[in-house]
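Below you'll find the structure, written out as structure tokens, and then a few comments.
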Ligand code: HEM
Ligand SMILES: [Cu+2]
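Protein chains in written order, with our numbering: chain A, 1143 to 1349; chain B, 107 to 729.
Next up, the structure:
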């Protein structure tokens, strides 16, 4: 009945996320899942690229986008990726408290990003009348960026649930893979945003 | 918190219907999930078959008024959708679930909980789709649901398509991931990649296809859903939308999908030919790499469904050549199967008959495939009955023949009884003859100009006799299927008890009991080469050497949560569909999503560590 996986610094293996078969399964399964997510976003990007100039007489990308806000959002999200790296670093050193702290910082940065995004969308809607239904470009824009935002929200809920659930019991080989995997997810979201920043906003300003 | 449960010896006492039902609703055992997939997929296969019969009855004579035009469109759409998503795929998943863990010497799949979730998502997705029949009309825009036909189709039919497939598709995706991880991580000691049986190999590669193809479908369905339910403009030309985007996304999913349907059966045929020829598979390595090559090319050729869209000669040529290239690895496979049988000690039983019938049938389908892959010629074939003939030769001649072969082959392993041989042969011969009667003539109907998806045809254009023959053939096939269903019931009631290894098999699944214990292997076997059981037999031992001492086994707990999560989505689906009429339906969305997310929350907040079967208990159980 050796299912007690709680750890102390001596029993901590090098890679606690992969120390059990369950952990290894989660780890590899999640990488596969991210492969599928890549296709999902690739299709959304393809759709956006095909429709980005189909404004149907409504506002176009270069009239809408302000790079200042988007730059701030990028900084927020990139930083949150870094802080989640710190969190995992502390996980590997079996320092639950520090890990939790850095995850909380990550969550706060994520919410800040999300707040900016909500502000951005409402701004477009109220100032320019640019909505999901106003043109094919509008539909494609809100769908692509919105899917990313939805992923951010989901990641935040996930991290919060993990923090709360494991708040009192420290690290063990059962929950270490869970923390590891959520951080992978978070990096993935970050990478997608880098592409959005480039393909949607920078290219939208240029052309 | 931690549950350590002692399993009672369930087989010894008879249990009531309620207990069995609850067992299946909560099971996370891959062998029982396989049963669920088999009965779910089998049910939808009968529904899809009924729809096929309606189509053929309508087309038995010119100007027939058996079905109205609108109803014909619905039956046609539902036939295609049902057969591909709700029959063929789940039946393949049934075989994969039943066999993969056994073939690699594993006690379980990597994610038992997710495995059962995948099944329930499929089932509830399929139920949503079919609820449309009773709620104002089924989808009617074809299984491909091309925009703008699908975006402008009145009523809620296409909405059911969108929601139903979205839910079922999610189930397929997580099922695929589960198989991938199972095969990567759970192989028995010594089971290297290049010792895996071809069925496992092919399922592995198929799962990769699922992983990369299904998210495209997810996106396509979302776009269609947004256009229909939330007034977006992806496919609305007046607002700058572009309907060809749907075609691209659909076929980026759809072409790999046809390989998802065929590759696992290629693997199964390889196992079957080698077992029933008493020979090692000819060209094992070539088979593995041919499978990979087919899978890769399968992703590169989607635009051959769009030659007539007007992508231009350069794109058309590239896609045509890439498509034709698939014939090369496929040809390699055909020759290897023939070479496997060459000089072998061949046993012909009903499983082998299906495999033998597959070879010429599928080869014909492959040849017409190369024909339609030729752009200039495809301008003639496209959307004609010729294409209908082509894809039925590959999908029925490959996938359905394969599923029948697999069921006859593995039935003893899955249920502990051998299907009745006489009835098996009767099924095969009536189905085979009926199949060729139905579809061979359709090539010529197509060449004579009969378009696909039309509800009727005019008299005296040379199409009458061909259509009559085609319909007669369909009745033969229906007869064969009915015999099979009778066979299943007969075998359950009276069938002979199967030994553990009824076919003198070569691979690990035959080293377990029929049906296997819920932990599959008491001791995980040690694999010493390709066809591990055969190696032990030829060396005179006849059974596998264990790779570990007898010890306790860790098992997952059953759970009702997968059912609840899928049920929640089922409820929410109706909310989404009807909120277009009345916003009050959003309440149903909230309730449904509440059930789903609530179940997910329970799942993540409550640790489920499973239980252990003790060593003493294993020793008590007789060998
Ligand atoms: C050598 C192999 C193959 C080649 C060269 C080939 C080629 C093609 C081409 C060019 C088309 C489009 C025809 C048109 O719409 O004008 C087509 C349609 C189709 N093929 Fe194949 N194919 C091959 C194998 C397969 C296999 C293995 C399957 C499934 C198991 C399959 C299933 C289908 C289906 C379902 C369609 C019709 C889709 C629709 O429009 O509804 N094909 N094939
Ligand atoms: Cu294709």
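For glycine and all other residues, C-beta sits at the position ideal for the given N, C-alpha and C.
Every value quoted in this text rests on a predicted model; they were computed, and no experiment measured them.
Residue i CB to nearest heavy atom of ligand 2 below 8 Å
{"i": "residue 408 of chain B", "result": "yes"}
{"i": "residue 526 of chain B", "result": "no"}
{"i": "residue 496 of chain B", "result": "no"}
{"i": "residue 514 of chain B", "result": "no"}
{"i": "residue 357 of chain B", "result": "yes"}
{"i": "residue 414 of chain B", "result": "no"}
{"i": "residue 290 of chain B", "result": "no"}
{"i": "residue 411 of chain B", "result": "yes"}
{"i": "residue 364 of chain B", "result": "yes"}
{"i": "residue 429 of chain B", "result": "yes"}
Simplified DSSP assignment, three categories, for residue i
{"i": "residue 652 of chain B", "result": "strand"}
{"i": "residue 110 of chain B", "result": "In this prediction, residue 110 of chain B has a pLDDT of 42, which is less than 50 and means its spatial position is unreliable; nothing more can be read from the coordinates."}
{"i": "residue 1162 of chain A", "result": "coil"}
{"i": "residue 660 of chain B", "result": "strand"}
{"i": "residue 624 of chain B", "result": "coil"}
{"i": "residue 717 of chain B", "result": "strand"}
{"i": "residue 126 of chain B", "result": "helix"}
{"i": "residue 348 of chain B", "result": "coil"}
{"i": "residue 573 of chain B", "result": "helix"}
{"i": "residue 262 of chain B", "result": "coil"}
{"i": "residue 1143 of chain A", "result": "For residue 1143 of chain A, the pLDDT reaches just 34, beneath the cut-off of 50, and the residue's location in the model is therefore unreliable, although a value from the coordinates is still provided. If DSSP states are grouped into helix, strand and coil, residue 1143 of chain A belongs with coil."}
{"i": "residue 1351 of chain A", "result": "The shown model of chain A, from 1143 to 1349, leaves out residue 1351 of chain A, and the question about it has no answer."}
{"i": "residue 162 of chain B", "result": "helix"}
{"i": "residue 712 of chain B", "result": "coil"}
{"i": "residue 563 of chain B", "result": "coil"}
{"i": "residue 241 of chain B", "result": "coil"}
{"i": "residue 132 of chain B", "result": "helix"}
{"i": "residue 115 of chain B", "result": "Unreliable positioning characterises residue 115 of chain B in this predicted model, as indicated by a pLDDT of 44, which lies under 50. The coordinate reading is nonetheless provided below. Coil, per DSSP."}
Cβ-Cβ separation, residue j to residue i (assumed contact under 8 Å), whole Å
{"i": "residue 312 of chain B", "j": "residue 403 of chain B", "result": "Rounded, the Cβ-Cβ distance is 14 Å, inconsistent with contact."}
{"i": "residue 639 of chain B", "j": "residue 612 of chain B", "result": "6 Å"}
{"i": "residue 572 of chain B", "j": "residue 533 of chain B", "result": "With a Cβ gap of about 26 Å, residue 572 of chain B and residue 533 of chain B do not count as contacting."}
{"i": "residue 625 of chain B", "j": "residue 661 of chain B", "result": "6 Å"}
{"i": "residue 504 of chain B", "j": "residue 475 of chain B", "result": "Not a contact, Cβ separation roughly 11 Å."}
{"i": "residue 363 of chain B", "j": "residue 415 of chain B", "result": "Their Cβ separation, rounded to whole angstroms, is 19 Å, which puts residue 363 of chain B and residue 415 of chain B out of contact at 8 Å."}
{"i": "residue 495 of chain B", "j": "residue 438 of chain B", "result": "About 25 Å separates the two Cβ atoms, so there is no contact after all."}
{"i": "residue 1207 of chain A", "j": "residue 1346 of chain A", "result": "5 Å"}
{"i": "residue 216 of chain B", "j": "residue 139 of chain B", "result": "Residue 216 of chain B to residue 139 of chain B, Cβ: 13 Å. No contact."}
Distance CB(residue i)-CB(residue j) smaller than 9 Å
{"i": "residue 1270 of chain A", "j": "residue 1164 of chain A", "result": "no"}
{"i": "residue 501 of chain B", "j": "residue 276 of chain B", "result": "no"}
{"i": "residue 1276 of chain A", "j": "residue 1248 of chain A", "result": "no"}
{"i": "residue 485 of chain B", "j": "residue 413 of chain B", "result": "yes"}
{"i": "residue 713 of chain B", "j": "residue 219 of chain B", "result": "no"}
{"i": "residue 376 of chain B", "j": "residue 305 of chain B", "result": "yes"}
{"i": "residue 675 of chain B", "j": "residue 152 of chain B", "result": "no"}
{"i": "residue 1162 of chain A", "j": "residue 1284 of chain A", "result": "no"}
{"i": "residue 1229 of chain A", "j": "residue 1243 of chain A", "result": "yes"}
{"i": "residue 530 of chain B", "j": "residue 462 of chain B", "result": "no"}
{"i": "residue 1301 of chain A", "j": "residue 1262 of chain A", "result": "no"}
{"i": "residue 278 of chain B", "j": "residue 224 of chain B", "result": "yes"}
{"i": "residue 455 of chain B", "j": "residue 389 of chain B", "result": "no"}
{"i": "residue 518 of chain B", "j": "residue 509 of chain B", "result": "no"}
{"i": "residue 1294 of chain A", "j": "residue 1219 of chain A", "result": "yes"}
{"i": "residue 727 of chain B", "j": "residue 623 of chain B", "result": "yes"}
{"i": "residue 552 of chain B", "j": "residue 579 of chain B", "result": "no"}
{"i": "residue 1175 of chain A", "j": "residue 592 of chain B", "result": "no"}
{"i": "residue 507 of chain B", "j": "residue 469 of chain B", "result": "no"}
{"i": "residue 327 of chain B", "j": "residue 271 of chain B", "result": "yes"}
{"i": "residue 576 of chain B", "j": "residue 544 of chain B", "result": "yes"}
{"i": "residue 608 of chain B", "j": "residue 630 of chain B", "result": "no"}
{"i": "residue 347 of chain B", "j": "residue 356 of chain B", "result": "no"}
Residue i - partner residues in DSSP beta bridges
{"i": "residue 490 of chain B", "result": "B:557"}
{"i": "residue 631 of chain B", "result": "B:652"}
{"i": "residue 523 of chain B", "result": "B:603"}
Residue i: CB within 8 Å of a non-hydrogen atom of ligand 4
{"i": "residue 361 of chain B", "result": "Ligand 4 is absent from the structure shown, which contains only ligand 1 and ligand 2."}
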